[in-house]
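>
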Amino acid sequence: MSNWEYAPAPESRDIANLKPAYRMFVDGKFVEGSGEPLKTVNPATEEVLAEVSTASPADVDTAVKAARRAHERVWGKMPGAERAKYIFRVARLIQERARELAVLESLDNGKPIKESRDVDVPTAAAHFFYHAGWADKLGYAGFGPDPRPLGVAGQVIPWNFPLLMAAWKIAPALACGNTVVLKPAETTPLTALVLAEICQQADLPPGVVNILPGAGDVGSELVNHAGIDKVAFTGSTEVGKLIQRSLAGTGKKLTLELGGKAANIVFDDAPLDQAVEGIVNGIFFNQGHVCCAGSRLLVQESIADELLEKLRHRVSTLRVGDSLDKNTDVGAINSRAQLEKIQELAAAGDAEGAQRWTSPCPVPEKGFFFAPTVFSDVQQSMRIAREEIFGPVLSVLTFRTPDEAVAKANNTPYGLSAGIWTEKGSRILWAAQRMRAGVVWANTFNRFDPTAPFGGYQESGFGREGGRAGLEAYLDV
Ligand code: NAP
Ligand code: MG
């Protein structure tokens, strides 16, 4: 199988409509920011894609004031059924421009085109469709007959799902009658700015959505601005803690979606071939840049050798490389800094005595790449079992009894997701009840749906996004 020759099947980069320069979006217009412009690169080639203007503190202030005006004069008092029309329009325009968004996302982020095309963009549209449906039914959502919006939301998102995270944040906020100021990640600002174009195309009233590119300082300026009522942050636990500390006592509402170190537990009665597919999807999907990635495989000792052999065989068939090639399974690491972080943690795995296996797949010379890697003989005390690697690196631990599996799965400061592989329904329920994780998948992994609440425990953050529960974060209840 792994010797099959594939002809290159590149998607055309012209579809991305890449422009040499992008500007920030404030009060319904694209304007030059007064911060230092940034250059965004394609991590698969290290080529500069575009120059992007960034926000200064004064620009943050202007955007927050525009969002406030839009909230007070238009959006906050608009009937839900009217708001819904705009949000449905945004959803349909994402679908219409899906190919463009997918190619642009793969260029800016490095993720494989089949993923941006089949997961990121359709799920982003689904979030707008789903929340548009709630806009005129908020009185029936279980938060009282007339739940009110909070006002202006300041939202900061990471680079791993740039468009999807923007949709995930903006759609519920708008459905509930809030206006937003959003800061995309420094390395992946482009699709959020095309989403801004879509807001213009949809005739969204000026100021309802504002997009401010920039680095962490812009994020910090935004979340600390006195004119916002709610902060929604997705990113690292470290920055999440900083934000929580600085918001304490301000009365701003806060939700944090942070890191994870999920256990994917395979019991001895699991269908192994299916489990292998789920393990691969759990850790190698999106280069492992997934907060809920199944980065710790817990496998029952009696089947560990057989499972590992099947897993290595399967992983060695994954194709690493050009993110625009439709056959690529694993794309580029998003930045040199992230690549170095992955290399450093993998080296710690070697130093602490774990056994490293690396896929023999060819890896491009240029660009930021890391071949899929599996560490076995991992002990719970090792850094690769405790710290989030956020890359295509799996740590394999074993267990003998179900109780031991649960204890090991929960032995983490995080608590975002978990996976359970077994043929017995009773064992699924038994284990799921004991997992301290916000999302538990059974005989599958990394399934996302706007109707299902997503969020964590402990250092993975608090608050839920998606589903009825996710509305609560944007309503005064
Ligand atoms: P990060 O450094 O926390 O960055 C996240 C966002 O916050 C970026 O937009 C970043 O700007 C901004 N930021 C940085 N410092 C800030 C500050 N002091 N105040 C306000 N905003 C600030 O995380 P990352 O390295 O980009 O992303 C990887 C991490 O995110 C991983 O740990 C991963 O687990 C977590 N994550 C969690 C979820 C979830 O749903 N729970 C989803 C995705 C990722 P820059 O772009 O300039 O850095
Ligand atoms: Mg980029």
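Each residue of the sequence shown is one higher than the one before, starting from 39 at the first, in the numbering used here.
Built from N, CA and C at the ideal position, the CB exists for glycine as well.
Here the structure is a predicted model, which means the values were calculated and not measured.
Going by DSSP, which residues form a beta bridge with W479?
Start at 1 with the first residue of the sequence shown, and residue 479 comes out as number 441. Per DSSP, G457.
> Extract the residue ranges of the beta strand (DSSP E) inside the stretch 236-299, only unbroken runs of 3 or more that lie entirely within it.
Qualifying beta strand (DSSP E) stretches, in chain order: 247-249, 268-272 and 291-295.
> Following a CB-centred definition, is N248 positioned closer than 6 Å to any heavy atom of ligand 1?
Position 210 of the sequence shown, counting from 1, holds the residue named residue 248. For ligand 1, not one heavy atom lies less than 6 Å from the Cβ of N248.
> At which residues does the alpha helix (DSSP H) containing W206 begin and terminate?
Your numbering for residue 206 matches position 168 in the sequence shown. W206 -> alpha helix (DSSP H) spans P200 to A213.
> Within the same chain, show all residues whose beta-carbon is closer than 6 Å to that of Y60, passing over the 5 residues directly before and after it, in chain order.
In the sequence shown, residue 60 corresponds to position 22, counting from 1. Same-chain partners within the cutoff: A88, V90 and L231.
> Using CA coordinates, which residue listed in F500, F428 and T78 is at the minimum distance from P222?
Sequence index remark: in the sequence shown, residue 222 carries index 184 (1-based). Nearest of F500, F428 and T78 to P222, Cα basis: T78.
> Does the Cβ-Cβ distance between I371 and F406 come in under 7 Å?
Along the sequence shown, read from residue 1 onward, the residue named residue 371 stands at position 333. Along the sequence shown, read from residue 1 onward, the residue named residue 406 stands at position 368. Taking 7 Å as the Cβ cut-off, I371 and F406 qualify as a contacting pair.
> Can we count C237 as close to ligand 1, meaning its CB is less than 6 Å from some heavy atom?
Start at 1 with the first residue of the sequence shown, and residue 237 comes out as number 199. Because no heavy atom of ligand 1 lies under 6 Å away, the Cβ of C237 does not count as near it: no.
> Measure the C-alpha to C-alpha separation of R532 and F323 and round it to an integer number of angstroms.
Since the first residue of the chain shown is 39 and the last is 515, residue 532 is not available in this structure.
> For the beta strand (DSSP E) containing Q193, list its first residue and its last residue.
Here residue 193 corresponds to residue number 155 of the sequence shown, with the count starting at 1. V190 to V194 is the span of the beta strand (DSSP E), which, as asked, contains Q193.
> By a C-beta neighbour count over all protein chains shown, 10 Å radius and 16 as the cutoff for buried, is R502 buried or exposed?
Taking the sequence shown and counting its residues from 1, one reaches residue 502 at position 464. Label assigned to R502: buried.
> Look at the alpha carbon of P150 and the alpha carbon of Q325, and state the distance between them as a whole number of angstroms.
As a working mapping, residue 150 is identified with position 112 in the sequence shown. As a working mapping, residue 325 is identified with position 287 in the sequence shown. Between the alpha carbons of P150 and Q325 lies a gap of roughly 9 Å.
> Answer with yes or no whether the minimum CB distance from C329 to chain D is below 7 Å.
Judged by its chain identifiers, the structure shown contains no chain D, having just a single protein chain.
> Check whether the stretch 190-199 and the stretch 231-245 touch, using three or more Cβ-Cβ pairs below 8 Å as the test.
no
> Look at the alpha carbon of L250 and the alpha carbon of I53, and state the distance between them as a whole number of angstroms.
Residue 250 sits at position 212 when you count from the first residue of the sequence shown. Residue 53 sits at position 15 when you count from the first residue of the sequence shown. Rounded to the nearest angstrom, the two C-alpha atoms are 24 Å apart.
> Under a three-way DSSP split, which group does Y315 fall into?
The sequence position of residue 315 within the sequence shown is 277, counting from 1. It is Glu, not Tyr, that sits at residue 315 in the sequence shown. Of the three classes helix, strand and coil, the one that applies to E315 here is helix, per DSSP.
> When the distance is taken between beta carbons, is D97 closer than 7 Å to G71?
Working through the sequence shown from its first residue, we reach residue 71 at position 33. Working through the sequence shown from its first residue, we reach residue 97 at position 59. In this structure, the beta-carbon distance from G71 to D97 falls below 7 Å.
> Would you report the Cα separation of L310 and A342, rounded to the nearest angstrom?
In the sequence shown, residue 310 corresponds to position 272, counting from 1. In the sequence shown, residue 342 corresponds to position 304, counting from 1. Cα to Cα, L310 sits roughly 10 Å from A342.
> Going by other Cβ atoms of all chains shown within 10 Å of its Cβ, with 16 needed for buried, is S154 buried or exposed?
Within the sequence shown, numbered from 1, the residue matching residue 154 stands at position 116. Buried, because 16 or more other Cβ atoms sit within 10 Å of the Cβ of S154.
> Can you check which of these residues, V141, P187, R186 and A253, is closest to L201 by C-alpha distance?
Against the sequence shown, residue 201 aligns to sequence position 163. Nearest of V141, P187, R186 and A253 to L201, Cα basis: V141.
> Mind reading off the beta-carbon distance from S274 to G297? Whole number of angstroms is fine, and I expect it under 8 Å.
Locating residue 274 in the sequence shown gives position 236, where the first residue counts as 1. Locating residue 297 in the sequence shown gives position 259, where the first residue counts as 1. Contact between S274 and G297 is confirmed by a C-beta separation of about 6 Å, below the 8 Å threshold.
> Can you grab the Cα-Cα spacing for the pair R472 / P210, in whole Å?
As a position in the sequence shown, residue 472 is number 434, starting the count at 1. As a position in the sequence shown, residue 210 is number 172, starting the count at 1. Near 30 Å, if we compare the C-alpha coordinates of P210 and R472.
> For ligand 1, is there any heavy atom lying closer than 6 Å to the beta carbon of S94?
Locating residue 94 in the sequence shown gives position 56, counting from the first residue. No, since every heavy atom of ligand 1 falls outside the 6 Å radius drawn around the Cβ of S94.
> At a cut-off of 6 Å, would you count V412 as near ligand 1, judging by its Cβ distance to the nearest heavy atom?
Within the sequence shown, numbered from 1, the residue matching residue 412 stands at position 374. No, the Cβ of V412 stays beyond 6 Å of every heavy atom of ligand 1.
> Count the other CB atoms, across all protein chains shown, that sit within 10 Å of the CB of R121; report buried if there are 16 or more and exposed otherwise.
Position 83 of the sequence shown, counted from the first residue, corresponds to residue 121. Classification of R121: buried, given that the 10 Å Cβ count is 16 or more.
> Just the Cα atoms here: how many angstroms apart are V69 and A234?
On the sequence shown, position 31 is the one that residue 69 refers to. On the sequence shown, position 196 is the one that residue 234 refers to. If you take the alpha carbons of V69 and A234, they lie about 12 Å apart.
> If L513 and P187 are in contact, beta carbons under 8 Å, what's the gap, nearest whole angstrom?
Against the sequence shown, residue 513 aligns to sequence position 475. Against the sequence shown, residue 187 aligns to sequence position 149. Indeed they touch by this definition, with Cβ atoms about 7 Å apart.
> If you measure between the beta carbons of N147 and N319, is that distance less than 7 Å?
As a working mapping, residue 147 is identified with position 109 in the sequence shown. As a working mapping, residue 319 is identified with position 281 in the sequence shown. Their beta carbons are not under 7 Å apart, which means N147 does not touch N319 by this criterion.
> Could you give the residue range of the alpha helix (DSSP H) that holds F492?
In the sequence shown, counting from the first residue as 1, residue 492 sits at position 454. Run containing F492: none; DSSP gives neither H nor E here.
> Helix, strand or coil: how does DSSP classify F305 here?
Here residue 305 refers to the residue found at position 267 of the sequence shown. It is coil, neither helix nor strand.
> Going by C-alpha to C-alpha distance, which of K446, L432 and V401 sits closest to Q418?
Taking the first residue of the sequence shown as position 1, residue 418 is located at position 380. Out of K446, L432 and V401, K446 has the C-alpha closest to the C-alpha of Q418.
> Cβ of A409 within 7 Å of Cβ of V401?
Locating residue 409 in the sequence shown gives position 371, where the first residue counts as 1. Locating residue 401 in the sequence shown gives position 363, where the first residue counts as 1. Contact: yes.
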